[in-house]
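Step one of this worksheet: look at the structure below.
Residue numbers (my numbering): 177 to 341.
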C-alpha cells in the first residue's frame, strides 16, 4: 500500500508541500534568522511599550473618572458615578430641589390664605376690589422685604460685606 498524493505520482501527501498557511510564520523565521538581536529587541520593546501604554491608558481613565465621573460629557447624569466636576452641580440641584419644595409649600399656603380672604372680600360688595388690591399689595411688600432679608443673610454668609454696609 502506498500513500499516493492528489497528483497521483508523488508518494507523499500534497498537504506537506502546501506552505501557504505558513507564509507568515516563514517570514517570521526569516526575520529572526537574518537579525536575531533586532528581532528579540523588537519583540521585547513591543511588549514593554504595549504594557506602558496599558498603564498610561488606565491612569488617564482613572483621572477622568475622578474629575469627570463615569459620564464626563454630562454633569450630574442619572445613575452616574460623580466626579469632582459634578459636585457643584449636584449640590446646586439638591439646594434647588429643597428651595423648590419650600417655595411650593409657601405658595400653596399663600394660595390657601388668599382663597379665604378673597371669599370674604366677595361679601364686601362693591368694596371687594379694594380689599383684594390691599391684600395683594401687602403680600407683594412682605415678599420683597423677606427676599431682601434673605439676600442680606446670604451675603453675610458668603462674606460679601459690600451689600450689607
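The C-beta atom is built at its ideal place from N, Cα and C for all residues, glycine as well.
- Query: Buried or exposed: which applies to residue 245, given that a residue is buried once 16 or more other Cβ atoms fall within 10 Å of its Cβ?
  - Reply: buried
- Could you tell me the boundaries of the alpha helix (DSSP H) in which residue 293 lies? 263-298
- residue 280 burial status per 10 Å Cβ neighbour count (16 or more: buried): exposed
- residue 262 burial status per 10 Å Cβ neighbour count (16 or more: buried): buried
- Thinking C-beta only, is residue 267 closer than 9 Å to residue 243? no
- Please classify residue 324: is it buried, with 16 or more other beta-carbons within 10 angstroms of its beta-carbon, or exposed? exposed
- Task: In angstroms with no decimal places, state the Cα-to-Cα distance between residue 224 and residue 231.
- Result: 11 Å
- Look at residue 317 and residue 297 and say whether their C-beta atoms are less than 9 Å apart. no
- What residue from 238, 277, 291, 289 has the CA that sits closest to residue 257's CA? 238
- Item | residue 218 versus residue 205 - alpha carbon distance | 14 Å
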